[in-house]
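The block underneath contains the structure these notes are about, expressed in structure tokens.
Number of protein chains: 2
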Amino acid sequence: MPMIGTQMSTKITPRSEDFSQWYHDVISAAKLADYSPVKGCMVIRPNGYAIWERIQRELDARIKATGARNAYFPLFIPESFLKKEAEHVEGFAPECAVVTHAGGKLLEEPLVVRPTSETIINSMFAKWIQSYRDLPMMVNQWANVVRWEMRTRLFLRTTEFLWQEGHTCHSTAEEAELETRTMLQVYRKFSEDILAMPVDIGRKSDAERFAGALRTYCIEAMMQDKKALQAGTSHNLSTKFAEAFETKFLDKDSVSRHVHQTSWGVSTRLIGGVIMTHSDDKGLVLPPTLAFSHGVVIPILGKAETRERVLKAGADIVARLQEDPRAKTLGYPLQVSMDADETKQPGWKYFEYEATGNCIRIEVGPRDLDAGKLMIVRRDLGVKEAIPMESLPDVFFGMLTQMQSDLTRKAEEFKKEHTYTVASYEELKERIEQGGFFVAAWDQDPAIEQKIKQETKATIRCLPLTASYELTPHDGPALISGKTGPGVVKAIFARSY
Amino acid sequence: MPMIGTQMSTKITPRSEDFSQWYHDVISAAKLADYSPVKGCMVIRPNGYAIWERIQRELDARIKATGARNAYFPLFIPESFLKKEAEHVEGFAPECAVVTHAGGKLLEEPLVVRPTSETIINSMFAKWIQSYRDLPMMVNQWANVVRWEMRTRLFLRTTEFLWQEGHTCHSTAEEAELETRTMLQVYRKFSEDILAMPVDIGRKSDAERFAGALRTYCIEAMMQDKKALQAGTSHNLSTKFAEAFETKFLDKDSVSRHVHQTSWGVSTRLIGGVIMTHSDDKGLVLPPTLAFSHGVVIPILGKAETRERVLKAGADIVARLQEDPRAKTLGYPLQVSMDADETKQPGWKYFEYEATGNCIRIEVGPRDLDAGKLMIVRRDLGVKEAIPMESLPDVFFGMLTQMQSDLTRKAEEFKKEHTYTVASYEELKERIEQGGFFVAAWDQDPAIEQKIKQETKATIRCLPLTASYELTPHDGPALISGKTGPGVVKAIFARSY
């Protein structure tokens, strides 16, 4: 299938003009996703799915390295299961899609299309777990889930989305808490290493906690419009679901106890995060770790007599890069190709490969060949450089490494630059409009959190943690209440997706 | 997570006693899958999912090598879409699960949970395809699908199952037919190379054709009870769905034409096929290409003073095998481990690793160490051999290769041995009870096919093909009608899953 196709790329609205429109234009120009005829459901197109496959491959290995194994649980959940954990049903019932008919008949009990799988998985855990020797039990599933959404946005909030959800059972509360934190750190490191997307980590306030969890940890990234994106969550479920489903084990002392559980997940929303972290007004920018095109050779064919020579040089370049020993040590599969389509002008191709997130463009024409040179352009910098032909592999592989670290550093600096400390609610209200993360003192009163949300549209993205995962004490005075002393903690406020 | 767990393995009913019970016992003992609380839906447990991951990894690479790219389309299909292709809706409507409520409201139009995705994908193809230059367009998706089934059986027939479905568009009928055949051959070769499951290939009769296809090709495997298993299908859809969805392209001559399409798929049913092809009365047997445990070292710990020595020798064996350069050239990721759990007896472990399909067992005890020897057992042969310690890597890697080819050959011979030529309907009726594939002459009359099905429960599994993919002429006389001459073709009759 032609990677580019004949559809003219969408004109991309500049970020400064309309960030939200820019986001959709980039997705459209890079052919990442499309709305489907089903309200709120998206189609992930091959370019977008290639990013998801990279995410899956990388994260799956990291999840398995923690000891979890993949499994698959049913799409459908009996409605009664959802109701067994009170907070859980309250949180999810309003978003559920319900199958009432099947095989031409009305079902005795309606089936909910899974919005998350704690309940159905617990019904199996309860069957599989008997003894402390069965623990820890750690499973993960890559699956689709459905949450009926009123306002949707490609990748960020869609009725159906793809994700992984890990579910673990432990014999003690300490082990479950440790697992919750381990996965939080796996997500943080994955986000930095693979997505080049630095994040703040912390605990959610009770208002933002997963419905049914004791405690939710999260990673929060800052988009280029300075809004926050919740990029992953890790929940300590304590024994709440175990109690609802009687998931018990016979402990070493022959006492039957409920298991302590965790669940954790990231979704296709990460693709939206990557787009809004790195892309620019020319289109998609991807870190090399996620790219589906690392290098493209654009031959400038010139006259008929030079045509073959240029094409041969282009093919040689592709082969040289693919066969270079460094291609095997990148940690991701190198994708290099030549676009020799003669029905398109080189200039048209430049725009297209910029829009679709190719990392490095190599131009080769007859005059370059005569001079023993090549032109090379790194996507994120956009600066054309002439380099000697023989230095290409060194320059190319050096550029990939540099691009990866530059994108990470740039995103880190951006987040740092737009993270502010505010001393009072007045200051927060005044500055919230300009965007950013606002570190402030909060007295843990949900009413104050709610008031701030209503008045500023900013929510507590996370409560930063000490080295021992406690909430971080703040000298205060706390926003609005003016309280000081124990219980006043650091909180990061921001508007979010 | 402990690979084995504390659940006592199910006693396995011998195949000769009750094949169907044996099948379920093997799945249970090997912890491959479990029934879920949702009628007809299964849970694929980590051991079973590990096989699916191997299948996905291998087949995905082969699919991509043909030029298709992965994408993802919505789970839900508007009911009206299904109705656009008359044969299609007739075939699938009775099996559909229908979402009527979502987000707390009655939906304006019910949504069908996809039983297959031709319709929803065509609605996108119609949008994406404009010109001949957009063709061929080739996408594949790995997804869950739902078909409401009355009688279910783990892996073979479940309400929800996992599969891949490829969908391609071409500018000519010839190209579409070529693609259909290409994928048939990809499936055949994949089945032989990776599943060690030889298949017969052919065309389906009209009665067995995919609802909405012009022509369906299939691969059919023979299980150990001599019943057939349809293991994969490849459909030439011609322009049927393109006409229903107005999927058109502007051709080189500036005429607007409907695209010619194909679709093709295999599912988690393949896991059932693998189980029923290779396993035995001791449990699961897997070809090394699919195994999630290639070697397990069982230390015979003996007295306290020899304990450390034996454990060290076991760990050395694992390291030696993992680090052997041959481990990298197997084409699959080598999984070798030691089971040093002292709460279990070696004998218990032997049974467990046999039941769960480990390929090669290595026993090491203090007396073996003194004699510089090891005991080694290949799962499918079950014969214990003493070998010199230093020859282990050679023996081990040799065994893996040999086991793969032996399993393939054994399955091939079994299929050959139980494939019979029958000259008359009387002969078929007489012999059908003993099982097997029956090659006979058929005059292509659907009424005769139907009569045979009713009276013998045997269906036409496939119509064998000539080198040019034509139906194979048979001298006749045809079953029942006694016809001879043109139109009388070879057909393979069998009872099937």
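Those protein sequences? They're chains A and B, same order as listed.
When we follow the working numbering, the leftmost residue of the first sequence carries the number 26, and every step to the right adds one.
When we follow the working numbering, the leftmost residue of the second sequence carries the number 26, and every step to the right adds one.
For every residue, glycine included, the Cβ atom is placed at its ideal position computed from N, Cα and C.
All of these numbers come straight from a predicted model, not from anything done at the bench.
Setting aside the 5 residues that flank it on each side, A:L336 is surrounded in the same chain by P324 and A365, each with a C-beta closer than 7 Å to its C-beta; the list follows chain order.
Residues A55, K56, L57, F317 and T381 of the same chain have their beta carbon placed closer than 7 Å to that of A:N72, with the five preceding and five following residues left out of the count. For B:I145, the nearest beta carbon of chain A is closer than 8 Å to its own beta carbon. Annotated as proximal: A:H443 and A:F462, with beta-carbon spacing under 8 Å. If only uninterrupted alpha helix (DSSP H) runs of at least 4 residues are considered, those enclosed by the segment 30–93 of chain A are 44–54 and 71–90. The continuous beta strand (DSSP E) containing A:I385 extends over residues I385 to V389.
Excluding residues up to 5 positions away in sequence, S506 lie with their Cβ nearer than 7 Å to the Cβ of B:D470 in the same chain. Taking A:W167 as the centre and dropping the five residues before and after it, the same chain places the C-beta of Q189 closer than 6 Å to its C-beta, in chain order.
Three or more Cβ pairs closer than 8 Å define a contact, and the segment 433–440 of chain B falls short of that threshold against the segment 326–341 of chain B.
For B:W153, the enclosing alpha helix (DSSP H) covers residues E143 to W153.
Under the 8 Å criterion on CB atoms, B:N383 is classed as non-interfacial with respect to chain A. The criterion of a C-beta distance shorter than 8 Å is satisfied by A:M428 and A:C384.
If you check the CB distance, B:F101 and A:V63 come in under 8 Å. If you draw a straight line from the Cα of A:L295 to the Cα of A:I244, it is about 11 Å long. Residue pairing for A:T484: DSSP places it in a beta bridge opposite A:A519. Looking at the DSSP output, A:S281 sits in a beta bridge with A:L275. Taking the CA atoms as reference points, A:S216 sits about 7 Å from A:V224.
In the three-state scheme derived from DSSP, where H, G and I count as helix and E and B as strand, A:L295 is classed as helix.
Using beta-carbon distances, B:M363 does not count as an interface residue toward chain A, since no partner is under 8 Å. When secondary structure is reduced to three states using DSSP, B:K353 falls in the helix class.
Relative to the Cα of B:P371, the nearest Cα in the group B:R213, B:V408, B:G92 and B:V321 belongs to B:V321. One alpha carbon belongs to B:Q475, the other to B:G308, and they sit about 37 Å apart.
Per DSSP, reduced to three states, the secondary structure at A:Y494 is coil, with no helix or strand assignment. Close CB contacts of B:E42 within its chain, under the 6 Å cut and outside five residues either way in sequence, are absent. Burial of B:K265 is indicated by the presence of at least 16 other C-beta atoms within 10 angstroms of its C-beta. Between B:V170 and B:R139, the CB-CB gap stays under 8 Å. The segment 119–135 of chain A makes contact with the segment 117–133 of chain B; the number of CB pairs closer than 8 Å reaches 3 or more. Between B:T287 and the set B:F235, B:S279, B:E333 and B:D276, the nearest pair of CA atoms involves B:F235.
Between A:I154 and A:P99, the C-beta gap is not smaller than 8 Å, which leaves the two residues out of contact. Counting every other CB atom within 10 Å of its CB across the protein chains shown gives B:A516 a total of 16 or more, marking it as buried. For B:P71, the C-beta contacts it makes with chain A under 8 Å involve R94, N95, A96 and V164, in order along the chain. Of all residues in the segment 258–278 of chain A, none has a C-beta nearer than 9 Å to a C-beta of chain B.
By the rule that beta-carbons nearer than 8 Å mark a contact, A:T287 does not touch chain B. Less than 8 Å separates the beta-carbon of B:C194 from that of B:L160. No Cβ of chain A is located within less than 8 Å of the beta carbon of B:Y242.
Rounded to the nearest angstrom, the gap between the Cα atoms of B:Q249 and B:N147 is 40 Å.
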